[in-house]
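Data first, discussion second: the structure below is written as C-alpha cells.
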Amino acid sequence: MKRRITLHFPREAVHQPITYRLAVEFDIAAKILRAQIAPNQSGTMVVELSGDIDDLDAAEQWLEGQGLGLNRAAGQIQIDPQLCVDCGICSSLCPSGALTFAEPDCRLEFNAQRCLVCEQCIPSCPFEAIALVLDSSSVAAS
Ligand code: SF4
Ligand code: SF4
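Note that this note's numbering has the sequence shown beginning at 161, numbered continuously upward.
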C-alpha cells in the first residue's frame, strides 16, 4: 500500500539518509514528491511511501524516533475554476510556490507537484474556491 506523508526535519536531522534507510531497514520505497531543505536548516519533505502495512507502521515509528515530525496527507488540494476569480490572495500565503499569480495574464496557477498539502491556502480564499479532497482511503477510514 501507499501513504503520502509530510516529514518535518529538525535542523540536526537534515543530513540523515532517510530514504536509503527506509529501503534497507524497512523495505519501504520512498518517492520524494517535494523537498524544501537547505544545508544546516530545518526542512520539509513530502514523500510517498510504498510497502507492507506493518513495515509502513514500523517505518513511521522509526522516523518519529529520529526526531522527525510526521503528518499524513489526507488528500489533495483542488481549486474550483468556477469559483476562483484570480484575486491572487492565496498565492501570497503559499509557502512552497505551488500557487502562483503572475503577469501578464494575472491568472492563478496551481502546481500540484509543489504542494505540501499544508492547507494554509484554504481559509485564505474569500470565495471558498480551495478545498482538500480526501483520498478514498481517508474517507473509508473516517
Ligand atoms: S496546501 Fe495550499 S498553501 Fe499549502 S503548499 Fe499546497 S497550495 Fe500551497
Ligand atoms: S484566493 Fe480564491 S479566488 Fe483568489 S486566486 Fe486564490 S483560489 Fe482564486
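Built from N, CA and C at the ideal position, the CB exists for glycine as well. In this text the structure is predicted, and so the values were computed from the model without any measurement.
Exclusion of Val-277 from the 7 Å shell around ligand 2 follows from its C-beta lying no nearer than that to any non-hydrogen atom of the ligand.
When secondary structure is reduced to three states using DSSP, Ala-173 falls in the helix class.
With at least 16 other beta carbons inside 10 angstroms of its own, Leu-268 counts as buried. In this structure, the straight-line span from the alpha carbon of Lys-162 to that of Leu-182 is close to 14 Å. Residue pairing by DSSP places Ser-210 opposite Lys-162 and Ala-189 in a beta bridge. In this structure, the straight-line span from the alpha carbon of Ala-218 to that of Gly-248 is close to 41 Å. Listed in chain order, the non-local C-beta contacts of Asn-271 below 6 Å within the same chain comprise Ala-258, local neighbours out to five positions each way being set aside.
Around the beta carbon of Ser-252, fewer than 16 other beta carbons sit within 10 angstroms, so the residue counts as exposed.
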